[in-house]
Structures are given as structure tokens and as C-alpha cells.
């Protein structure tokens with residue numbers, strides 16, 4: 001028997017009075033979190049939720065997310081984390097795609113959530129805050145429990161969560177992550193970057209995304225440290241929380257690092273408590289990494305993973321062992337290789353770019369009720385990540401780009417990230433995204449979209465010339481568009497699928 005919720009039970013027994021959560025409204029101790037989640041588990045059981053059934057969890061980074069997460073696990077049900085930004089059609093798609101039995105949502109999302117739940121045939125919808133039509137307030141869900149509620153008996157191979165992919169390359173698919181897999185992806189990475197009980201982790205990555213769920217929430221509770229919850233990303237809110245809660249660890253995606261660096265009031269905050277930063281979700285541009293480390297005086301440890309690997313696949317573990325600009329080495333108990341299009345392992349070297357494949361305890365059971373989709377990404381136990389990269393002679397991995405984002409211009413391969421890296425070296429460029437668009441003569445053409453630093457200026461012609469002077473003629477963008485903002489996914493990544501040239 002193994003239930004992932006044991007990480008909370010153990011930490012509550014070890015340090016009951018320690019703050020598990022700090023948030024703008026106060027703090028919740030480990031004993032209180034254990035008790036509150038027991039009550040949610042009892043409420044779900046009273047509702048008729050049984051082990052193995054799925055429950056949607058559609059909340060921002062507020063205490064009720066953490067309470068509900070462990071309550072769902074404790075009753076033996078499967079957590080289905082969902083973005084509060086989803087519209088009714090998307091909610092229905094996710095609830096149907098996970099066979100959800102109930103949904104816990106947020107007042108700002110309640111109207112769309114209720115419509116989606118109705119479409120999917122989910123009758124039990126609980127709302128944190130003001131309920132919408134055909135929903136109930138979340139306060140009606142918890143049922144008081146005397147003493148500790150026993151954890152439902154689950155096997156390590158049972159599904160603990162169905163996490164939908166971000167949909168950057170098509171319709172989202174629900175990856176089944178097990179109790180054992182999520183535990184190992186908390187325990188191993190937490191040991192690798194030396195998480196300590198006294199750590200306070202800024203929790204600004206959305207907990208409904210696998211990075212926040214596995215690499216922050218599970219890691220924190222496994223090692224008994226404190227979550228500093230910020231409901232949604234905003235540079236001002238992040239800096240305020242670091243200062244207020246004396247955060248020691250900041251984990252984010254590259255756009256968040258850029259936003260903190262760009263905040264006009266940065267110098268006014270006391271950020272001396274930070275000891276390390278962790279970047280993931282997308283490759284961090286070298287220019288951003290260097291600027292952040294200089295300005296904040298902390299090391300950025302970059303890792304790599306995806307929903308299908310419960311967040312972590314490779315990691316740079318320390319200042320002594322990291323290789324800057326790489327995503328590190330495979331975590332303990334896993335293997336990662338570079339394969340060519342025929343399934344042959346490629347030798348080390350920048351000239352041997354291929355697809356990253358990986359296998360081990362971190363790889364999902366599969367996509368829920370999608371055997372054909374699962375078979376498409378699995379070969380003999382190896383998961384095809386869809387990411388292109390290479391390995392150096394010392395076993396460090398470097399990400400070049402997404403396989404599906406590769407641009408083939410006139411027969412030449414153009415890696416968008418390489419073009420983006422050049423754009424980031426221009427002093428006026430704050431963010432950059434490069435895509436391929438259809439071209440009658442060349443097959444595809446290279447197009448770039450950028451935002452600029454405050455008070456900076458640059459023309460499209462200037463940026464095109466800047467790239468042309470620094471890369472091969474087939475690589476540089478023939479079109480550059482300067483925009484006020486770039487579209488983002490809920491996890492903070494740039495939403496390239498939404499980028500369309502204006503002409």
C-alpha cells in the first residue's frame with residue numbers, strides 16, 4: 001500500500017506547529033493542513049467519491065488548492081488539476097477526458113465551470129467563494145473528523161493525478177501519474193537541490209501545472225518546508241512575497257525571470273533571503289540567466305522535464321556540478337538519450353542534434369484512455385519527448401528546440417531557439433519568439449515577434465539587420481514584429497500557437 005498523501009501525514013507528525021503555508025491572509029500549520037484535508041476527504045467520501053474516481057481541482061494558488069489536493073488523495077481519488085482560465089468547452093473536455101466525478105472550482109471561474117460540468121454530466125460542483133448557478137459553496141464540502149482519518153489504501157502503481165498537457169502542439173492529453181512516480185519526483189529532485197525544512201519556497205508557478213504541482217507542492221510537503229503562496233504571477237506580488245515571507249527558493253519559467261528583472265521598483269525590495277533559483281518549463285535564454293544571477297546574486301539551476309515525466313527528467317544539481325546553459329544530467333534512477341529519426345542513439349557533440357528520449361520511474365503510465373496517443377510517444381519503454389537537443393562529452397544535455405517547432409527553410413533546418421538567443425542579445429529586446437510560416441517558394445519562412453524593455457526602442461528593420469549580421473543567411477528572420485505583449489499560456493510560457501503575422 002502506498003498513498004502519496006503520506007508525505008503530508010509524516011510532515012505533520014514531525015513538525016505539527018511548523019507553517020506549511022504562508023499566504024497574504026496568514027499561515028496554516030502542518031497540523032492544521034492535515035486536519036483540514038482530512039475533512040475534505042471525509043466530505044468527498046460522504047458525497048460518494050470512491051478510490052480511483054477522478055475529481056477536478058480548478059483553483060489558483062490559494063490554501064484551498066493544497067487542502068483539496070491532499071483531501072482528494074486521502075480518499076483515494078485521482079486529482080485532475082485544471083486552470084481557472086478555462087472556458088466551458090475546455091472544462092467539459094477535461095472533465096470528460098478524465099471521467100471526473102466532481103469538481104472544485106473558484107468563484108472567478110464558476111460560471112464557465114458550471115456550464116462545462118453540466119455539459120460533461122458532472123453534477124457535484126463546489127466553489128471557493130461565491131457560487132454560480134447549480135453549484136454549491138466549498139464550505140459545504142468538508143466534514144469534521146475526530147482524530148486522524150486513515151489514508152485510503154492505494155498501490156504505488158495506482159494513478160494519483162491526471163495532468164493534462166499544455167496543448168502547445170495540439171489538443172491536451174491527460175497524462176496518468178502514479179503515487180510512486182510523484183513521490184519519487186518529489187524525493188529525488190528535492191535531495192538533488194538540497195531542500196531543507198527551513199526553506200520557504202515562493203509558490204508563484206501555478207499549482208495546476210505539473211511544474212508547480214510536482215516540483216514545488218510535493219517537494220515542499222515531502223521535506224516539511226513552507227509554501228509562500230502567490231495566487232497569480234505578477235512581478236510586484238512575487239517580490240512582495242519574497243520580502244514578506246523571507247523566501248529562500250524561487251522557481252519559475254523564463255518569462256518570470258524576465259519580469260522580475262524588468263520591475264521598475266526592484267531596488268526597493270529586500271531579497272537577501274534568496275539562496276537559489278530554479279528555472280524550467282522552457283529553456284532560459286543565456287542572456288536572461290546571466291543578468292538575473294548578476295542582479296540577484298543567486299545561482300540559477302536549470303532543469304528539464306514535461307508533464308509526461310511528472311516534471312523532472314534532468315537537472316543541474318549544484319554550483320559545483322552544474323554546466324551553465326545546459327539542463328543538467330538525468331536524475332537518479334532514469335535514463336535519457338539522444339536518438340536520430342531511425343531510433344539510433346547519437347554520439348555526444350553539438351553536431352549530433354536529435355530527439356531526447358527517456359525512460360525510468362518518472363515516465364507516465366500513459367495518456368488516460370488514449371492508447372493510440374500513448375503508443376505514438378512510446379518505443380520499448382522509451383518516451384519520445386518531442387524535444388531536440390544534444391549531449392556533451394560529460395553527459396550534460398542541452399535543449400535546442402521543440403521537434404514540432406523546427407523550421408525547414410529551403411531545405412535547411414532552422415532552430416527557433418537559436419534565433420531567439422540572438423534576439424535576446426539585442427539591448428532593446430525583452431522577450432522573443434520565433435515561428436515558421438508557410439512560404440510558397442521556400443516551404444517555410446522565419447518570422448520573429450519581440451517585446452522591448454521599458455523606454456527602449458528598436459525598429460523591425462534594425463532587428464532584422466542585427467540578426468543578419470550574426471547568423472547564417474538562411475537563419476535570420478525576414479520579418480520581425482514589435483508588440484506590446486506576447487501571448488502566454490497559464491504556466492507562463494509564450495503561446496507560440498497564438499502568434500500570427502499581422503501581414
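In the numbering used here, the protein residues as written are 1 to 503.
Backbone N, C-alpha and C fix where the C-beta goes; we use that ideal spot for every residue, glycine too.
Predicted model, so just to flag it, every value in this text is computed and none were measured.
By Cβ distance below 6 Å, which residues in the same chain neighbour residue i in space, the five residues on each side in sequence not counted?
i: residue 209; result: 491
i: residue 425; result: 287
i: residue 169; result: Caution applies to residue 169, whose pLDDT of 49 falls short of 50 and renders its modelled position unreliable; the value that the coordinates give is listed next. For residue 169, where only same-chain residues beyond five positions count, the Cβ hits under 6 Å are 404.
i: residue 64; result: 128
i: residue 134; result: 114
i: residue 122; result: 95, 100, 103
i: residue 392; result: 348
i: residue 517; result: Residue 517 lies beyond the stretch modelled for the chain, which goes from 1 to 503, so this question has no answer here.
Closer than 8 Å by C-beta to residue i: which residues in its own chain qualify, once you throw out the five before and the five after it? Chain order, please.
i: residue 7; result: 183, 186, 218, 221, 222
i: residue 272; result: none
i: residue 1; result: 153, 154, 155
i: residue 226; result: 18, 19, 20, 21, 22, 199, 200, 201, 220, 245
i: residue 328; result: 301, 302, 303, 304, 314, 315, 316, 317, 322, 396, 397
i: residue 483; result: 449, 450, 451
i: residue 258; result: 288, 430, 431
Could you tell me if residue i is buried or exposed, where buried requires 16 or more neighbouring beta carbons within 10 angstroms of its beta carbon?
i: residue 408; result: exposed
i: residue 387; result: buried
i: residue 61; result: buried
i: residue 109; result: buried
i: residue 43; result: buried
i: residue 260; result: buried
i: residue 13; result: exposed
i: residue 465; result: exposed
i: residue 345; result: exposed
i: residue 285; result: buried
i: residue 310; result: buried
i: residue 489; result: buried
Just the C-alpha distance for residue i and residue j, rounded to the nearest angstrom, thanks.
i: residue 254; j: residue 200; result: 21 Å
i: residue 459; j: residue 125; result: 50 Å
i: residue 266; j: residue 419; result: 29 Å
i: residue 435; j: residue 159; result: 36 Å
i: residue 216; j: residue 486; result: 26 Å
i: residue 224; j: residue 98; result: 31 Å
i: residue 130; j: residue 179; result: 33 Å
i: residue 67; j: residue 496; result: 34 Å
i: residue 378; j: residue 146; result: 46 Å
i: residue 16; j: residue 432; result: 46 Å
i: residue 450; j: residue 32; result: 46 Å
i: residue 53; j: residue 34; result: 22 Å
i: residue 308; j: residue 157; result: 15 Å
i: residue 471; j: residue 448; result: 14 Å
i: residue 51; j: residue 348; result: 46 Å
i: residue 177; j: residue 78; result: 9 Å
i: residue 502; j: residue 324; result: 36 Å
i: residue 350; j: residue 411; result: 20 Å
i: residue 162; j: residue 413; result: 35 Å
i: residue 237; j: residue 256; result: 12 Å
i: residue 39; j: residue 59; result: 18 Å
i: residue 213; j: residue 442; result: 43 Å
i: residue 295; j: residue 196; result: 25 Å
Assuming residue i is part of the beta strand (DSSP E), what are its boundary residues?
i: residue 23; result: 19 to 23
i: residue 106; result: 100 to 106
i: residue 355; result: 354 to 360
i: residue 162; result: 159 to 164
i: residue 415; result: Unbroken run through residue 415: none, as it is neither H nor E.
i: residue 232; result: Here residue 232 belongs to no beta strand (DSSP E), and DSSP marks it neither H nor E.
i: residue 203; result: 200 to 203
i: residue 383; result: 382 to 391
Below 7 Å CB to CB, which residues in the same chain sit around residue i once its five sequence neighbours on both sides are set aside?
i: residue 41; result: 71, 74, 75, 149
i: residue 46; result: 143
i: residue 428; result: 452, 453, 456, 457, 458
i: residue 373; result: 173, 367
i: residue 118; result: 134
i: residue 381; result: 359
i: residue 422; result: 467, 470, 471
i: residue 4; result: 73, 160, 179, 182, 183
Specify, as a first and last residue, the run of the alpha helix (DSSP H) that residue i falls within.
i: residue 12; result: 6 to 14
i: residue 44; result: 30 to 47
i: residue 185; result: 179 to 192
i: residue 262; result: 254 to 262
For a cutoff of 9 Å on Cβ pairs, would you count residue i as touching chain C?
i: residue 274; result: Judged by its chain identifiers, the structure shown contains no chain C, having just a single protein chain.
Compute every distance between the C-beta of residue i and the non-hydrogen atoms of the ligand ADP, then say whether any falls below 8 Å.
i: residue 97; result: The ligand ADP is not among the ligands present in this structure, which contains no ligands whatsoever.
My parser needs the alpha helix (DSSP H) runs of 4 or more residues fully inside the stretch 274 to 350; what are they? 286 to 296
In chain order, which continuous runs of the beta strand (DSSP E) of length 3 or greater are located wholly inside the stretch 429 to 494? 429 to 439, 443 to 452, 479 to 482
Of all the alpha helix (DSSP H) runs that stay within the bounds of the stretch 93 to 149, which reach a length of 4 or more residues? 110 to 120
Restricting to runs no shorter than 3 residues, where is the beta strand (DSSP E) found entirely within the stretch 54 to 96? 54 to 57, 78 to 81
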